[in-house]
Amino acid sequence: EAAMLDALIHVLRADENRVGYFDPMIRSGSLGGIATLNYDLAVEKACHAAGLTVDTGFETWRGGYEWEWATPQADVRLLKLHGSLDYVLGQDDQHGERVPGDRLSNFGEERRGQLVGGVPAMVFGQGSKLRSDGPFLAMLVEFDQLLAQTEWLTVVGYSFRDDHINAA
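Going by my numbering, the sequence shown opens with residue 26, and the numbers climb by one from there.
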């Protein structure tokens, strides 16, 4: 598993100098949020290169269906509905989580095999890609709420093969 994750991190590495194509989207004054099914860190790197703040909400998730933004005034709110290369779901019931395993950590892109008693917080495979553990249902609820508040939806590179995303 660690070798596969290391290979995936290498293959999906985003070069901060080559993510400028995100600029029109991330600098849009009417951007309500970005939801992605990709594991890479391209949006985060584009925001960093543009000098914009990005909030994924993962720092404040403590279990359950509630999704809170750590920095509501951030320039970009980013939901990574299938997880991220740098997210790890771990075992820790010391910080008020409802169920052991409700701890989401960020080990950065260079974590190379450092799951530290946890599992990659990513959704893989074909068919139903909805996971009931971890933050995935909470992010889906937040995605649905973002959609309810928006007038315009831009879809880029989506196959429409994820029933739970299509339903939202």
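Note that CB positions come from ideal geometry on N, CA and C, so glycine has one too. Fair warning: this is a prediction, and the values are worked out from it, not measured in the lab.
Buried or exposed by the 16-neighbour rule on C-beta atoms within 10 Å, applied to residue i
{"i": "residue 164", "result": "buried"}
{"i": "residue 49", "result": "exposed"}
{"i": "residue 92", "result": "buried"}
{"i": "residue 67", "result": "buried"}
{"i": "residue 172", "result": "exposed"}
{"i": "residue 65", "result": "buried"}
{"i": "residue 184", "result": "exposed"}
{"i": "residue 41", "result": "exposed"}
{"i": "residue 108", "result": "buried"}
{"i": "residue 178", "result": "exposed"}
{"i": "residue 205", "result": "Given that the chain is displayed from residue 26 to residue 193, the structure contains no residue 205 and the question cannot be resolved."}
Three-state secondary structure assigned by DSSP to residue i
{"i": "residue 43", "result": "helix"}
{"i": "residue 162", "result": "helix"}
{"i": "residue 68", "result": "helix"}
{"i": "residue 169", "result": "helix"}
{"i": "residue 181", "result": "coil"}
{"i": "residue 187", "result": "coil"}
{"i": "residue 85", "result": "helix"}
{"i": "residue 95", "result": "coil"}
{"i": "residue 193", "result": "coil"}
Beta-carbon proximity of residue i to residue j, cut-off 8 Å
{"i": "residue 95", "j": "residue 82", "result": "yes"}
{"i": "residue 61", "j": "residue 33", "result": "no"}
{"i": "residue 79", "j": "residue 44", "result": "no"}
{"i": "residue 112", "j": "residue 166", "result": "no"}
{"i": "residue 158", "j": "residue 193", "result": "no"}
{"i": "residue 54", "j": "residue 175", "result": "no"}
{"i": "residue 47", "j": "residue 28", "result": "no"}
{"i": "residue 155", "j": "residue 110", "result": "no"}
{"i": "residue 51", "j": "residue 77", "result": "yes"}
For residue i, the residue or residues it bridges with in DSSP
{"i": "residue 60", "result": "104"}
{"i": "residue 36", "result": "Note: residue 36 sits in no beta bridge, so no partner."}
{"i": "residue 80", "result": "102"}
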